Amino acid sequence: MAPHKPLKLPLAAAEVDRAAHLRSDATYLDSAWPDAAVLLFCDEKFATKNNQLLFTTGAELGKYQDQSDYFLGVKDEKPFFVRHLESNQVAEVEFKTLREVGSFLSARDIGLAVHAQGLANWHKKHPRCALCGEKTLVVLAGSVRRCPADQSEHYPRTDSAIIVLVKDEADRILLGRQKVWPKNRFSTFAGFVEPGESFENCVTREVMEEAGVELTQINYLGSQPWPFPASLMIAFEAITHTPQIARPDGEEIEEIRWFTRSDMKDAIADKSLILPLEISVARQMIKAWYGENADKDLVGNESWR
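Letter by letter, the sequence shown follows residues 83 to 387 in the working numbering.
See the structure below:
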């Protein structure tokens, strides 16, 4: 199997300069705020309008709040921030999740959204010092938390996870269904990288644990953030020479199925297969394998879990 070019993944957009050098410039942040484009984020949801992110200006929101307004970067001299709301304080505005609107967004807005959600999730889940338990303060425009007691600094965490498209020598793909998923919802195999483990070793371990087959020809396909809450998905494809012994582990994976392209087309048509969301790495790997008719043949029947 020849290595493929890296996939163009939906959430891997990076059109906005994160401008890290400006995070410590309090004068710039204060002066940039009034005319800045600001996202509103609350409880895993963004303020939206017609399935697009709804931007407001800093001036409309009042004074810059350094504990809840996080700097996202600059594009074409326009600064971008997100205001992290503890509760939905905005009347007559529709809040939606990134899963709901992600496939409608431009590359610029996708990049802003995954950055904003990743930061907001981290701040919400890590309010205290891991060393002494003191409540920490937001510094450097949202990119760091600092403990006022011991002066330790704490940085946003990212949980690395592999995701792999398993093929056999006949170019079929193997998909699995977790116990917690709806009937007929199948996806590629994935799992978190453990301490001291390489990405490739994680691919081998996860597929052996969940599907019982050994892998060869492990090829890298790309990566994208997955801020639900804080993952980075590293995508691979691999071959197994023993497809006949594949079996679900019965704990996490309840069912596995091999698919040819014809099998998948028929299963989508008769609604016996539900695929992952369009913005997911899994969906993009499946589409790349399926080929040029994927956007026509695989439409519909999707679920995030």
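For glycine and all other residues, C-beta sits at the position ideal for the given N, C-alpha and C. The model shown is predicted, which means the values in this text are computed figures rather than measured ones.
Identity of the residue in the options nearest residue i by Cα
{"i": "Ser225", "options": "Leu167, Gly215, Gly155", "result": "Gly155"}
{"i": "Cys214", "options": "Cys229, Ala223, Leu222, His205", "result": "Cys229"}
{"i": "Val35", "options": "Lys131, Phe162, Gly144, Leu143", "result": "For the chain, the structure presents residues 83 to 387; residue 35 sits outside this window and is missing."}
{"i": "Ala312", "options": "Ala212, Val221, Ala198, Asp253", "result": "Ala198"}
{"i": "Ala212", "options": "Asp107, Asp232, Glu168", "result": "Asp232"}
{"i": "Gln134", "options": "Cys284, Lys90, Phe281, Val175", "result": "Val175"}
{"i": "Ile361", "options": "Ser188, Asn375, Thr286", "result": "Ser188"}
{"i": "Val363", "options": "Tyr152, Glu276, Leu314, Leu180", "result": "Leu314"}
{"i": "Phe186", "options": "Thr240, Thr130, Leu167", "result": "Thr130"}
{"i": "Asp241", "options": "Leu180, Arg365, Pro277", "result": "Pro277"}
{"i": "Val262", "options": "Pro92, Ser385, Lys157", "result": "Ser385"}
{"i": "Trp204", "options": "Asp191, Val220, Ala108, Glu142", "result": "Val220"}
{"i": "Asn383", "options": "Glu168, Arg365, Asn375", "result": "Arg365"}
{"i": "Asn132", "options": "Val381, Gly184, Glu288, Phe268", "result": "Gly184"}
{"i": "Phe153", "options": "Ala272, Glu142, Glu288, Ala108", "result": "Ala108"}
Nearest-angstrom Cβ-Cβ length linking residue i and residue j, presumed shorter than 8 Å
{"i": "Gly140", "j": "Val172", "result": "That belief does not hold up - the Cβ atoms of Gly140 and Val172 are roughly 15 Å apart, past 8 Å."}
{"i": "Pro264", "j": "Ile368", "result": "Actually they do not touch by this definition, with Cβ atoms about 17 Å apart."}
{"i": "Pro330", "j": "Asp250", "result": "Going by Cβ atoms, the distance from Pro330 to Asp250 rounds to 16 Å, so no, they are not a contact pair."}
{"i": "Thr322", "j": "Val295", "result": "4 Å"}
{"i": "Gly193", "j": "Ala102", "result": "Incorrect: roughly 15 Å between the Cβ atoms, too far for contact."}
{"i": "Arg190", "j": "Lys157", "result": "7 Å"}
Check whether residue i and residue j have beta carbons under 7 Å apart
{"i": "Pro309", "j": "Gly200", "result": "yes"}
{"i": "Leu297", "j": "Ala320", "result": "yes"}
{"i": "Ala293", "j": "Ile338", "result": "yes"}
{"i": "Pro307", "j": "Val164", "result": "no"}
{"i": "Tyr372", "j": "Arg343", "result": "yes"}
{"i": "Asp112", "j": "Tyr146", "result": "yes"}
{"i": "Lys160", "j": "Lys127", "result": "no"}
{"i": "Glu333", "j": "Gln260", "result": "no"}
Separation of residue j from residue i, as counted between CA atoms
{"i": "Pro238", "j": "Lys207", "result": "10 Å"}
{"i": "Ile300", "j": "Glu336", "result": "25 Å"}
{"i": "Ala202", "j": "Leu247", "result": "31 Å"}
{"i": "Ala328", "j": "Leu104", "result": "52 Å"}
{"i": "Trp115", "j": "Leu222", "result": "15 Å"}
{"i": "Phe137", "j": "Phe123", "result": "11 Å"}
{"i": "Lys90", "j": "Tyr110", "result": "34 Å"}
{"i": "Glu402", "j": "Gly304", "result": "Given a span of 83 to 387 for the chain in the structure shown, any question on residue 402 remains unanswerable."}
{"i": "Ser106", "j": "Asp125", "result": "27 Å"}
{"i": "Asn170", "j": "Ala351", "result": "40 Å"}
{"i": "Val275", "j": "Glu282", "result": "10 Å"}
{"i": "Glu288", "j": "Glu142", "result": "49 Å"}
{"i": "Glu168", "j": "Glu374", "result": "44 Å"}
{"i": "Phe268", "j": "Leu93", "result": "21 Å"}
{"i": "Val381", "j": "Gly258", "result": "20 Å"}
{"i": "Asp345", "j": "Arg100", "result": "44 Å"}
{"i": "Ala252", "j": "Gly273", "result": "25 Å"}
{"i": "Ser234", "j": "Gly144", "result": "31 Å"}
Cβ-based neighbour list, residue i, same chain, cut-off 6 Å, excluding 5 preceding and 5 following
{"i": "Asp379", "result": "Lys347"}
{"i": "Ser354", "result": "Asn266"}
{"i": "Trp340", "result": "Arg254, Leu256"}
{"i": "Ala349", "result": "Leu355"}
{"i": "Asp151", "result": "Phe163, Arg165"}
7 Å Cβ shell around residue i - same chain, five flanking residues per side excluded
{"i": "Glu291", "result": "Asp331"}
{"i": "Thr218", "result": "Pro209, Arg210, Cys211, Arg227, Arg228, Cys229, His236"}
{"i": "Val285", "result": "Ile244, Val246, Leu297, Ile300, Phe318, Ala320"}
{"i": "Ala370", "result": "Leu89"}
{"i": "Ala376", "result": "Lys369"}
Residues of its chain near residue i, where Cβ-Cβ distance is below 8 Å and the 5 sequence neighbours each way are ignored
{"i": "Pro88", "result": "Tyr302, Leu303, Gly304"}
{"i": "Gln149", "result": "Leu219, Val220"}
Closer than 6 Å: residue i CB and nearest the ligand FMN heavy atom
{"i": "Ala351", "result": "The ligand FMN is absent from the structure shown, which contains no ligands of any kind."}
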